[in-house]
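Chemist: Residue 80 in UniProt numbering sits at position 80 of the sequence shown; the count goes up by one each step and never skips. Positions of the beta carbon are idealized from the N, C-alpha and C atoms, including for glycine. Okay, here's the structure, questions in a sec.
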Amino acid sequence: MKIVGVTACTAGIAHTYIVAQKIQDAAEAAGHECKIETQGTIGADNILTDEEIAAADVVIIAHDIAVDQARFKDKKVVDIPISTAMKNPKSLIATIEKKLGK
1 MKIVGVTACT AGIAHTYIVA QKIQDAAEAA GHECKIETQG TIGADNILTD EEIAAADVVI
61 IAHDIAVDQA RFKDKKVVDI PISTAMKNPK SLIATIEKKL GK
């Protein structure tokens, strides 16, 4: 499965980057491809391309602040608080697998 996502926390410092890494690690450990864009205090990093979004099976938006989701309009989107992904990223990936039958 190909997973893309965006993380963004209120402060835009630690949790944005920690959660991005946790999601990526959990997805890759489960055998999936994953790329997570971070939207922190330094701006957007690891920016998703239109091609990566088009090829994705699912988009994870883990955030506590507003994230523009217009570019994901035709995709399956999992929209969750950043704390949910922080606490149990493996469970998040397993739930997505189950719901998508992957």
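1) Mind checking which residues open and close the alpha helix (DSSP H) that includes residue 50?
2) Under the three-state reduction of DSSP, which class applies to residue 32: helix, strand or coil?
3) Between the Cα of residue 83 and those of 63, 11, 55, spot the shortest distance and give me the residue it belongs to.
4) First and last residue of the beta strand (DSSP E) that includes residue 62?
5) State buried or exposed for residue 92, treating a residue as buried only when at least 16 other CB atoms are found within 10 Å of its CB.
6) Which residues mark the beginning and the end of the beta strand (DSSP E) in which residue 7 is found?
7) How is the beta strand (DSSP E) around residue 93 delimited, first residue to last?
8) Between the Cα of residue 37 and the Cα atoms of 30, 53, 89, 28, which residue gives the shortest distance?
9) Does the beta-carbon distance from residue 44 to residue 34 come in below 9 Å?
Modeler: From the atom records:
1) Locating residue 50 in the sequence shown gives position 50, counting from the first residue. 50-55 is the extent of the alpha helix (DSSP H) around residue 50.
2) In the sequence shown, residue 32 corresponds to position 32, counting from 1. DSSP, reduced to helix, strand and coil, places residue 32 outside both helices and strands of the structure shown, so it counts as coil.
3) Looking up residue 83 in the sequence shown gives position 83. In terms of Cα proximity to residue 83, the closest of 63, 11, 55 is 63.
4) On the sequence shown, residue 62 is found 62 positions in, with the first residue counted as 1. Its beta strand (DSSP E) spans residues 58-63.
5) Looking up residue 92 in the sequence shown gives position 92. Around the CB of residue 92, 16 or more other CB atoms lie within 10 Å, so the residue is classed as buried.
6) Counting from 1 along the sequence shown, the entry for residue 7 is found at position 7. According to the DSSP assignment, residue 7 belongs to the beta strand (DSSP E) that extends over 2-8.
7) Here residue 93 corresponds to residue number 93 of the sequence shown, with the count starting at 1. From DSSP, residue 93 is part of no beta strand (DSSP E) but of the alpha helix (DSSP H) over 89-100.
8) To locate residue 37, count along the sequence shown from 1; it is residue 37. Nearest to residue 37 by C-alpha distance, out of 30, 53, 89, 28, is 53.
9) Within the sequence shown, numbered from 1, the residue matching residue 44 stands at position 44. Within the sequence shown, numbered from 1, the residue matching residue 34 stands at position 34. Taking 9 Å as the Cβ cut-off, residue 44 and residue 34 do not qualify as a contacting pair.
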